[in-house]
Amino acid sequence: MNNQRRIVERKLKAGQTMLLVSLPRNDLDLAQAALAGGAQCLKVHLNVHHHASGTHFGILEEEAPVLEKIVSLGVPVGIVPGGEEAMASRSDMERLAQMGIDFFDAYLHDMPPWMLELDTAMSRMLALSYRQRDSDFSLGPYASGCDMIEASIIEPDGYGQPLTSADLHLYEQITNHYPDLPVAVPTQRRIRPDQVAELTAIGVQGILIGAIVTGRQANTLEAATRRFRAALDAARQQYNDVGERRLC
Numbered sequence: 001m002n003n004q005r006r007i008v009e010r011k012l013k014a015g016q017t018m019l020l021v022s023l024p025r026n027d028l029d030l031a032q033a034a035l036a037g038g039a040q041c042l043k044v045h046l047n048v049h050h051h052a053s054g055t056h057f058g059i060l061e062e063e064a065p066v067l068e069k070i071v072s073l074g075v076p077v078g079i080v081p082g083g084e085e086a087m088a089s090r091s092d093m094e095r096l097a098q099m100g101i102d103f104f105d106a107y108l109h110d111m112p113p114w115m116l117e118l119d120t121a122m123s124r125m126l127a128l129s130y131r132q133r134d135s136d137f138s139l140g141p142y143a144s145g146c147d148m149i150e151a152s153i154i155e156p157d158g159y160g161q162p163l164t165s166a167d168l169h170l171y172e173q174i175t176n177h178y179p180d181l182p183v184a185v186p187t188q189r190r191i192r193p194d195q196v197a198e199l200t201a202i203g204v205q206g207i208l209i210g211a212i213v214t215g216r217q218a219n220t221l222e223a224a225t226r227r228f229r230a231a232l233d234a235a236r237q238q239y240n241d242v243g244e245r246r247l248c
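If you're matching positions, the sequence shown starts at 1 in this note's numbering and goes up one per residue.
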């Protein structure tokens with residue numbers, strides 16, 4: 001188990017970009033495939049019927065054995081502790097922290113207030129949704145309890161559709177509104193690896209790929225992760241090259 005915590009938060013706030021992979025199932029083979037493809041963080045789930053992947057994730061007692069194995073792989077692991085139908089309890093959250101989970105991530109409209117007040121070693125990632133569109137995706141009073149943002153703002157009817165210029169504008173709106181909070185964009189849209197540079201150019205620091213672009217099998221997940229990692233590395237190198245030229 002990795003005893004360090006808040007690794008993702010610290011790296012993103014230090015200006016690094018990262019490739020995060022949301023596993024379509026809490027499965028050790030899928031986790032290993034993601035790492036083989038170059039994932040820098042894994043995301044797992046509890047208490048959720050995941051609409052993007054069509055997969056059900058059980059309660060902590062059911063998922064704990066495989067979660068412990070995934071954490072033991074040595075990369076930071078974030079967790080969605082629940083959704084509209086059910087949410088992890090306080091004791092669940094304490095157990096997840098003891099297990100070595102790096103951060104927890106839930107929609108603002110699902111996360112109970114007590115969860116943001118937990119005294120925990122885990123970072124807090126708040127997921128904005130299309131429901132916050134009318135309020136310009138504001139975190140409101142919860143911004144002070146947030147360490148990172150997931151810009152999960154696409155309406156369910158738009159899952160799997162191509163990325164649009166309007167989407168990029170909304171993501172940029174969020175990165176501009178919260179310059180001190182790292183923003184991760186999930187592949188609710190069918191984002192292509194060659195669009196990663198467009199996302200990082202507007203301030204997105206985390207590319208969070210999931211079932212829509214990875215598929216649900218180990219071989220497709222590894223291949224997709226490899227493509228996105230290469231694209232992210234290329235975008236990072238391009239950014240560094242531009243910086244060097246400006247210094248010359």
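Don't be surprised by glycine CBs; every beta carbon is placed ideally from N, CA and C.
Does the beta-carbon distance from residue i to residue j come in below 8 Å?
i: R6; j: D102; result: yes
i: I149; j: L163; result: no
i: G38; j: L12; result: no
i: D105; j: I70; result: no
i: L30; j: A166; result: no
i: T17; j: L168; result: no
i: M249; j: T120; result: Past the boundaries of the shown model lies residue 249; the chain is included only from 1 to 248, so the question cannot be answered.
i: L126; j: I153; result: no
i: L46; j: L60; result: yes
i: A197; j: I174; result: no
i: L116; j: G140; result: no
i: E222; j: A97; result: no
i: Q132; j: S123; result: no
How many whole angstroms separate the CB atoms of residue i and residue j, which I take to be in contact at a CB cut-off of 8 Å?
i: T187; j: A34; result: At roughly 13 Å, the Cβ-Cβ gap does not stay under 8 Å, so T187 and A34 are not in contact.
i: P76; j: V8; result: 5 Å
i: D110; j: E68; result: Not really, about 25 Å apart at Cβ, beyond 8 Å.
Hey, how far is the Cα of residue i from the Cα of residue j?
i: G15; j: P65; result: 34 Å
i: N2; j: M99; result: With a pLDDT of 48 at N2, under the threshold of 50, the modelled position of that residue is not reliable, and the figure given next carries that caveat. Distance between the alpha carbons of N2 and M99: 9 Å.
i: K43; j: N26; result: 9 Å
i: Q4; j: L108; result: 26 Å
i: L23; j: P112; result: 24 Å
i: G74; j: A235; result: 26 Å
i: L199; j: P156; result: 21 Å
i: I191; j: V48; result: 23 Å
i: G158; j: G215; result: 17 Å
i: L208; j: R95; result: 25 Å
i: N176; j: S135; result: 15 Å
i: T55; j: A211; result: 10 Å
i: R10; j: Q161; result: 32 Å
i: Y178; j: Q32; result: 33 Å
i: L118; j: S89; result: 11 Å
i: S91; j: P81; result: 12 Å
i: Q238; j: G58; result: 42 Å
i: D180; j: A143; result: 11 Å
i: D194; j: T220; result: 18 Å
i: E172; j: S72; result: 35 Å
i: R189; j: W114; result: 31 Å
i: V213; j: D147; result: 26 Å
i: R227; j: E63; result: 29 Å
i: C41; j: Y130; result: 25 Å
Return yes when the C-beta of residue i is under 7 Å from any heavy atom of the ligand GTP, and no when it is not.
i: H56; result: Inclusion of the ligand GTP in the displayed structure is not the case, the ligand content being empty and no account of it being possible.
Problem - the stretch 204-221 / the stretch 175-186 touching (three or more Cβ pairs under 8 Å) - result: yes
Handout entry: Length-filtered (4 minimum) alpha helix (DSSP H) runs lying within the stretch 100-183
Key = 113-116 and 165-177
Exercise for the section: Go through the stretch 56-85 residue by residue and report every complete run of the beta strand (DSSP E) that reaches 3 residues or more, in order. Expected result: 77-80
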